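Here's the structure, in C-alpha cells; my notes come after.
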C-alpha cells in the first residue's frame, strides 16, 4: 500500500485527537497519533519501538540504520486543549486558508513529523553510516512525562537532536526553565467581627506574595542574559483562591505561580530560597504553609554556541542561533548526550491559539534543511565529518 501524500499525512495527524491536559475531562490518549506514525515509518523500513509511559500514553522511537551516533528528529505527539467555538474552521480537520494550512497541531507540532518523513524518503536507497531516529513523545504540553521517562532510562539516542518546536526556522540554543508551583496556607476560620477568633490565611498569603515579589526583584538584579527578549527571570502570580464569605475569617488560601529561570539558575536552589521566606511567615501568622511544585521543573537549556549542530543549523538556515522564553524537551535529550537544538517551521505566536496554522511557504525550506541534516549526520561517516 503506497504511503499517503504529505498533505494526507498532515490531515490524518490533525484528525487524530491527542490532547494532554492536567484536567482529566480534557486529557486524551496519544495512541492514534503514535499508531499512524509507526505505520508510515514501518512501511519505509524503520524499526519502530513503542514505549508505554502511562495508561494510554506512549512514546515512539523509530530508527533507520544502526550503530552509535546519528541524528534524532524529535517532537511531541500531543496538543493543548482547544475551544472549537473560537475557531473559524474545524480544529480537527486540515483546512487550507489562503497561504496556510490550519488545524490543531499544524504548528505545534504534529506537522513536523510529516516534514521529517518527507525529508528522509528520497535518501532511503542510500547506505546510512549512522542511524536516524524519529522520536515522538507524549504529554509535553502537560507533565513532559515522555521526555522525562527517556532521560530517566538513560539510553543514548544519537549524536545530535533537533526538536521541531515552532521557531520560524530559526535555530534556538537557549531557553528558560519552567517551574509551576503552589503554596497552600491553612489558617483558622472564625467570625469576622472578632479577629482573635481566627487566623487569616488570606492575610498570611498577602505577606507571602510580598516575599515572592521581593525574591523576584532580587533575582532580576542578580541574573540577566541579553540573548533573551525578556533578559531577566520572571515570576508570575498566576491564580489565587481563598475564603468563602465576607463575614468569615479566611481559613484556607492557595496560590499558584510560574517561575522562568535563566540558564545557570538551579530550580532547587530557587525553591530553597522560597522555603526560607515561608517559615518565618508561618510562625508570624500562626498558620500552616505547604509549598511544592505542580510538576517537576523543566530545567533551563543551553547548547554551546560552537557546537557542531549549532554551526550546521546556522549555516543551513542563514540565521544565528537565538534564545526563547518558552520551555521544550531539549534539556532531557541533552541529558542523554545529544548536542541539542530547537528548530521548526511554525511560529510560536500562533501556537496554543484558535486558528493555529503553518505557512505553506515554510514546507519546502524545512524539508530541505532536515534532508541536509540527515545527510550530514547519517549518510557521512563521522570521521569524514570531523575532518572537514
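Residue numbers (the UniProt record's numbering): 1 to 388. For every residue, glycine included, the Cβ atom is placed at its ideal position computed from N, Cα and C. Just so you know, these numbers come straight off a predicted model, no measurement behind them.
Straight across, the Cα-Cα distance linking residue 137 with residue 255 is about 30 angstroms. Around the CB of residue 9, 16 or more other CB atoms lie within 10 Å, so the residue is classed as buried. Taken through DSSP and simplified to helix, strand or coil, residue 355 comes out as coil. In the three-state scheme derived from DSSP, where H, G and I count as helix and E and B as strand, residue 282 is classed as helix. In the DSSP assignment, residue 135 falls within the unbroken beta strand (DSSP E) covering 132-137. Within the same chain, Cβ atoms closer than 6 angstroms to the Cβ of residue 250 are found at 200, 201, 202, 242, 243, the five residues on either side in sequence being excluded. When DSSP states are grouped into helix, strand and coil, residue 373 belongs to the helix group. Cα atoms of residue 325 and residue 246: separation of roughly 40 angstroms, rounded to the nearest angstrom.
Annotation for residue 348: no alpha helix (DSSP H) segment contains it, and DSSP assigns it neither H nor E. Between residue 205 and residue 239, the C-beta spacing is not below 7 angstroms. Look at the UniProt domain "Peptidase M20 dimerisation" (175-278) and you find these whole runs of beta strand (DSSP E), each 3 residues long or longer: 179-186, 234-242, 252-260.
The continuous beta strand (DSSP E) containing residue 57 extends over residues 57-64. Taking the C-beta atoms as reference points, residue 105 is found no nearer than 7 angstroms to residue 94.
The Cβ-Cβ distance between residue 6 and residue 118 falls below 7 angstroms.
Using a C-beta cut-off of 8 angstroms, the region 271-290 makes no contact with the region 315-332, since fewer than three inter-stretch Cβ pairs fall below that distance.
Going by DSSP, residue 100 is part of the beta strand (DSSP E) stretching over 100-102. DSSP places residue 334 in the uninterrupted alpha helix (DSSP H) bounded by 330-335. In the pairwise beta carbon analysis, the region 125-145 is classified as not touching the region 214-231: fewer than three pairs are separated by under 8 angstroms.
Apart from sequence neighbours up to five positions away, the residues of its chain that approach residue 80 with a beta-carbon distance below 6 angstroms are 141, 352, ordered along the chain. For residue 9, the uninterrupted alpha helix (DSSP H) segment begins and ends at 6-14.
The beta carbon of residue 361 is closer than 8 angstroms to those of 99 in its chain, skipping five residues each way along the sequence.
Residue 33 sits in a helix when the DSSP states are folded into three classes. By a beta-carbon distance limit of 8 angstroms, residue 151 contacts residue 332. Their separation comes to about 4 angstroms.
In this structure, 177 is the residue among 340, 177, 130 with its C-alpha nearest to the C-alpha of residue 268. At a Cβ-Cβ threshold of 7 angstroms, residue 130 and residue 69 count as neighbours.
Within the model, the alpha-carbon separation for residue 180 versus residue 261 is close to 11 angstroms.
Distance check between residue 210 and each of 237, 301, 170, 182 places 237 closest, using alpha-carbon atoms only.
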